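Numbering (my numbering), first residue to last: 1 to 193. Every residue, glycine too, gets a C-beta built ideally from N, C-alpha and C. If you're wondering where the values come from, they're calculated on a predicted model, not measured in any experiment. Since the structure comes first, as structure tokens, the remarks are kept for the end.
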Ligand SMILES: Cc1cc2nc3c(=O)[nH]c(=O)nc-3n(C[C@H](O)[C@H](O)[C@H](O)COP(=O)(O)O)c2cc1C
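And the structure:
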């Protein structure tokens, strides 16, 4: 649906290198619900982008922007302009993908620290959605610590209203039948009401 500028925007980040895998399908399902809730939803596949790792140079602390000019440049604007941000990330060896970690680390450019006072430039007040998916049948329990970390990261950017879910035994063709996906959608529905 085209956004004439009046609709709320949901930016959806696929943290998998696979553009048509489970993480992507999870975002497809969320976007259908998001549209019902009045959002225009845009999915960004990190796998298709050029995103270097943060070099820790701290140029951003002096200049208010990242020294690296790559695909994060347009993503910073999209993040700031979004009314909701959704992360969908597969578990790789008990953590997020390297792709997604690079993206997260580059958000450091949106953090200011002047005279010991920390402020963030995350743009509009926004809601957050974080979804992890994995092969492990008990992943919904195993990866709670990982999920907590993402929720804390979002809170550190001022996103306090976060719904979250972990989809174990994930496969693109069965995501829609997953009881865990249904629970996540219920939480999302409640969050956006
Ligand atoms: C390199 C690699 C490491 C993985 N490590 C784990 C893991 O530690 N635990 C787990 O449950 N699944 C693990 N998986 C499985 C993925 O999390 C799972 O297949 C996920 O649904 C893939 O999401 P995608 O289809 O969006 O890429 C791993 C997969 C890969 C490729």
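Which partner residues of residue i appear in the DSSP bridge assignment?
| i | result |
| --- | --- |
| residue 11 | 42, 85 |
| residue 206 | This structure leaves residue 206 out entirely; the chain is present only between 1 and 193. |
| residue 128 | 85, 162 |
Below 9 angstroms between beta carbons: does that hold for residue i and residue j?
| i | j | result |
| --- | --- | --- |
| residue 103 | residue 158 | no |
| residue 154 | residue 132 | no |
| residue 12 | residue 38 | no |
| residue 43 | residue 14 | yes |
| residue 128 | residue 169 | no |
| residue 16 | residue 110 | no |
| residue 106 | residue 152 | no |
| residue 175 | residue 25 | yes |
| residue 88 | residue 70 | no |
| residue 78 | residue 112 | no |
| residue 82 | residue 124 | yes |
| residue 86 | residue 130 | yes |
| residue 65 | residue 76 | yes |
| residue 108 | residue 54 | yes |
| residue 22 | residue 172 | yes |
Can you look up residue i in the DSSP assignment and give me helix, strand or coil?
| i | result |
| --- | --- |
| residue 164 | strand |
| residue 133 | strand |
| residue 171 | coil |
| residue 95 | strand |
Just jot down, in chain order, the residues whose CB lies closer than 5 angstroms to any heavy atom of ligand 1. That query returns the following residues: 16, 18, 21, 22, 23, 90, 91, 92, 93, 94, 133, 134, 135, 136, 139, 170.
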